[in-house]
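Enquirer:
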Amino acid sequence: MHEFTPQLRKCPILQGLEDPELQSLLDIVKFEDFEQGSEILTEGLRYQSLWVLLQGESTVVKRGMHQESRLANLTPGSVFGEMSFFDSSPHSASVIAKTPCHTMRIMHKDYETLRSTCPETAYKISLNVIQILSDRLRRMDQWTCELVEQDCNQDRHKEWHDFRAKLYTGLDL
Numbered sequence: 056m057h058e059f060t061p062q063l064r065k066c067p068i069l070q071g072l073e074d075p076e077l078q079s080l081l082d083i084v085k086f087e088d089f090e091q092g093s094e095i096l097t098e099g100l101r102y103q104s105l106w107v108l109l110q111g112e113s114t115v116v117k118r119g120m121h122q123e124s125r126l127a128n129l130t131p132g133s134v135f136g137e138m139s140f141f142d143s144s145p146h147s148a149s150v151i152a153k154t155p156c157h158t159m160r161i162m163h164k165d166y167e168t169l170r171s172t173c174p175e176t177a178y179k180i181s182l183n184v185i186q187i188l189s190d191r192l193r194r195m196d197q198w199t200c201e202l203v204e205q206d207c208n209q210d211r212h213k214e215w216h217d218f219r220a221k222l223y224t225g226l227d228l
């Protein structure tokens, strides 16, 4: 096993993995270190990798036309890169190391190998990623609703409801 096994056991993406499954994952991952201030993941690029922050802190940053917006602070156990991992689209934000960081990286091609050799392990990881994405989407929806409710402008309120209706239109739910 790896020296970070106790931290890995607490990581949401690895919940439910038995020792042999965790070992099969550790056999395919890469451990990478990043210095303070370095970009771990760059907005607009395609890495198709899934990262777990094992040590240190980092910040998720979205670059706008005139400014940067800090979207989240990541701490040990945080997972990032998950959207582009599964759909190969460019990353929608950058992740920058606030402190020296130690990460675990699962490359998509290695995940595909894991799917072939240890399908149950890959399945558990996928379910955990779905849970993480669901939680984030739920929090985003709640946050957006709170923002709309704070805005007394009825036009904005209607715009938000129209947006939500369009978001879910065409989905076979």
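Just so you know, we're using the numbering used here here: the sequence shown kicks off at 56 and counts up by one.
Quick reminder that beta carbons are idealized off the backbone N, C-alpha and C, glycines included.
1) If I follow the unbroken alpha helix (DSSP H) through C200, where does it start and stop?
2) Excluding the five sequence neighbours on either side, which residues of its own chain have a C-beta within less than 6 angstroms of the C-beta of Q91, listed in chain order?
3) So, at 6 angstroms on beta carbons, what are the nonlocal neighbours of D165 in its own chain, with the 5 sequence-adjacent residues on each side left out?
4) When you compare the CB of S143 with every CB in chain D, is at least one pair closer than 7 angstroms?
5) Using a threshold of 7 angstroms, state whether the C-beta atoms of M159 and V203 are closer than that.
6) Label D227 either buried or exposed according to how many other C-beta atoms from any shown protein chain fall within 10 Å of its C-beta, with 16 as the threshold for buried.
7) For E123, which residues does DSSP report across the bridge?
8) Return the Cβ separation of K65 and G132 in integer angstroms, given the expectation that the two are a contact with Cβ distance under 8 angstroms.
9) Looking only at DSSP bridge pairs, what is A152 linked to?
10) Rounded C-beta distance between F135 and V116? I'm assuming under 8 angstroms.
11) From this set, E76, D190, F141 and S149, which residue's C-alpha is nearest L126's C-alpha?
12) Which of helix, strand or coil does DSSP assign to L228?
13) On a Cα-Cα basis, can you pick out the residue from R194, Y102 and S147 that is closest to E123?
14) Over the uninterrupted beta strand (DSSP E) stretch that includes L96, give me the two end residues.
Expert: Once the coordinates are examined:
1) Start and end: P174 to Q205.
2) Counting only residues of its own chain and dropping the five nearest sequence neighbours on each side, Q91 has a CB closer than 6 angstroms to the CB of A152, T154 and P155.
3) Here the set comprises I83.
4) In summary, chain D is missing from the structure at hand, where a single protein chain is found.
5) Not closer than 7 angstroms, so no.
6) Because D227 carries a pLDDT of 49, less than 50, the predicted location of this residue cannot be relied on, and no value is offered for it.
7) Per DSSP, R118.
8) Correct: roughly 6 angstroms between the Cβ atoms.
9) According to DSSP, which records beta bridges pairwise, A152 is partnered with S113.
10) Not quite, the Cβ-Cβ distance comes to about 12 angstroms (not below 8 angstroms), so this is no contact.
11) Out of E76, D190, F141 and S149, the CA that lies nearest to the CA of L126 is found in S149.
12) Residue placement at L228 cannot be trusted, given a pLDDT of 46 that sits under 50; what the coordinates show is reported in the next sentence. Three-state result, L228: coil.
13) Of the candidates R194, Y102 and S147, the residue whose Cα lies closest to the Cα of E123 is S147.
14) Counting along the chain, L96 sits inside the beta strand (DSSP E) bounded by residues E94 to L96.
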